[in-house]
Amino acid sequence: MIVYLDTSAVLKILIDEPGMQAMRETFNGWQLAGGDVVSSYLLHTEMHCAARRRGVAAPEVIDTLLGAIGLLDIDRAHLLAAAKSAHGLRSADAIHLATALAVDADILVTYDLELAEAAAGEGLRALAPDAAASAAAEHPRES
């Protein structure tokens, strides 16, 4: 199983807000199960920028977290696919979706409703671990 994480999901691991504990536990569960947890290198840039902007974590903490995620190179094909997306997403979200589709991800984990809807529209299962659910529970956002 390939699980693709967008930035909203990885930030949820660091930021003390509703859903943080569920995202942490679900992420740890995927790690322990040996699943392929991936994202694009866009995540590296977005995480460092967001952490600095929000003051939520030191660069070393971000790098440690990113080390637990298989980061994939973004190539021209991903960027061209993102540009052709008919979903009206923001650029970074379109790149995340194009990359997840290119690697045949089984799940796209996001807390961004627009991205979740676009993923579902492409036949990709979008999930957001929920704070009110049990540790391993996930809420599918499918159309």
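Residues in the sequence shown are numbered from 44 upward in steps of one, following the numbering used here.
Here a beta-carbon is modelled for each residue, glycine too, at the ideal position from N, C-alpha and C.
Here the structure is a predicted model, which means the values were calculated and not measured.
Sixteen is the threshold: when 16 or more other Cβ atoms of the shown chains lie within 10 Å of the Cβ of Leu54, as they do, the residue is buried. Under the three-state reduction of DSSP output, Ser51 falls in the helix class. The criterion of a C-beta distance shorter than 8 Å is satisfied by Ala159 and Ala171. The beta carbon of Asp155 sits closer than 8 Å to the beta carbons of Asp49, Ser51, Asp136 from its chain, once the five residues preceding and following it are set aside; these are given in chain order.
The DSSP-derived three-state label of Arg168 is strand.
Per DSSP, Gly113 is one residue of the beta strand (DSSP E) stretching across 113-115.
Counting C-beta pairs closer than 8 Å gives fewer than three between the segment 96-105 and the segment 115-133, which falls short of the contact rule.
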